[in-house]
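Visitor: Here my numbering = 1-based position in the sequence shown + 101.
Heads up, the beta-carbon is just placed ideally off N, CA and C, and yes, glycines get one too.
None of the values given here were measured: they were computed from a predicted structure.
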Amino acid sequence: MEQNYRSLLDLCDALEAIADSLPYPDARLCLATANALEALVEDTHELEEDVLFRILVASRRPELDRTMARLRREHLSDSDTAGEVSEALQSFVAGHSTLSPDAVGYLLRSFFGGMRRHVHGEIELLRLFQPDAEGKSIN
């Protein structure tokens, strides 16, 4: 999962660079980012649901059920938005965008800001379940 998180954060950096360069972004960077985004988000969500959600269920702490439900909703929202971002980048580069450069920039910034928070939040959540130096975790 660490590799996926690094890759997602790298894509967030690329999206930020694209947003900063609008209205004249690097077309190759836009297309490479658009082509990688949806699959990476989906793969990462699958890993999180396989690894993190199992840990949350195994903890048998009922308050974590709400956390898991929230994360599932975030995954659905992130997946939908990743598709919108990918489509917006491809349309912008092709010259067929119905969005202004400012609107594209806002979409990108909204997505990468939320994705960075999501990644860092899940990393922190995973760390809570890792034993500390004394072998204790929050379980």
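Taking 6 Å as the limit between beta carbons, can you name the residues of its chain near H176, skipping five residues before and five after?
Guide: Here residue 176 is taken as the residue at index 75 of the sequence shown, counted from 1. These residues qualify, in order along the chain: H146.
Visitor: Distance, Cα to Cα, L226 vs V142?
Guide: Here residue 226 refers to the residue found at position 125 when the sequence shown is read from its first residue. Here residue 142 refers to the residue found at position 41 when the sequence shown is read from its first residue. C-alpha separation (whole angstroms): 18 Å.
Visitor: Tell me, to the nearest whole angstrom, how far the beta carbon of D123 is from that of V205; I am working on the premise that it is less than 8 Å.
Guide: Position 22 of the sequence shown holds residue 123. Position 104 of the sequence shown holds residue 205. The sequence given here places Leu at residue 123; Asp does not occur at that position. About 6 Å; that satisfies the 8 Å criterion.
Visitor: Measure the Cβ-Cβ separation of C131 and L190 and say whether it is below 7 Å.
Guide: As a position in the sequence shown, residue 131 is number 30, starting the count at 1. As a position in the sequence shown, residue 190 is number 89, starting the count at 1. The answer is yes: Cβ separation under 7 Å.
Visitor: Need the endpoints of the alpha helix (DSSP H) that M216 sits in, please.
Guide: Against the sequence shown, residue 216 aligns to sequence position 115. Unbroken alpha helix (DSSP H) run through M216: 202-229.
Visitor: From which residue to which residue does the alpha helix (DSSP H) around L123 run?
Guide: Locating residue 123 in the sequence shown gives position 22, where the first residue counts as 1. It is not in any alpha helix (DSSP H) - L123 carries neither H nor E in the DSSP assignment.
Visitor: Taking the straight line between their C-alpha atoms, what separation do you get for R210 and I119?
Guide: Walking along the sequence shown from the start, residue 210 turns up at place 109. Walking along the sequence shown from the start, residue 119 turns up at place 18. One C-alpha to the other measures close to 10 Å.
Visitor: Determine the direct distance from the alpha carbon of D127 to that of V186, and round the result to whole angstroms.
Guide: By one-based count along the sequence shown, residue 186 stands at place 85. By one-based count along the sequence shown, residue 127 stands at place 26. Computed Cα separation, rounded: 16 Å.
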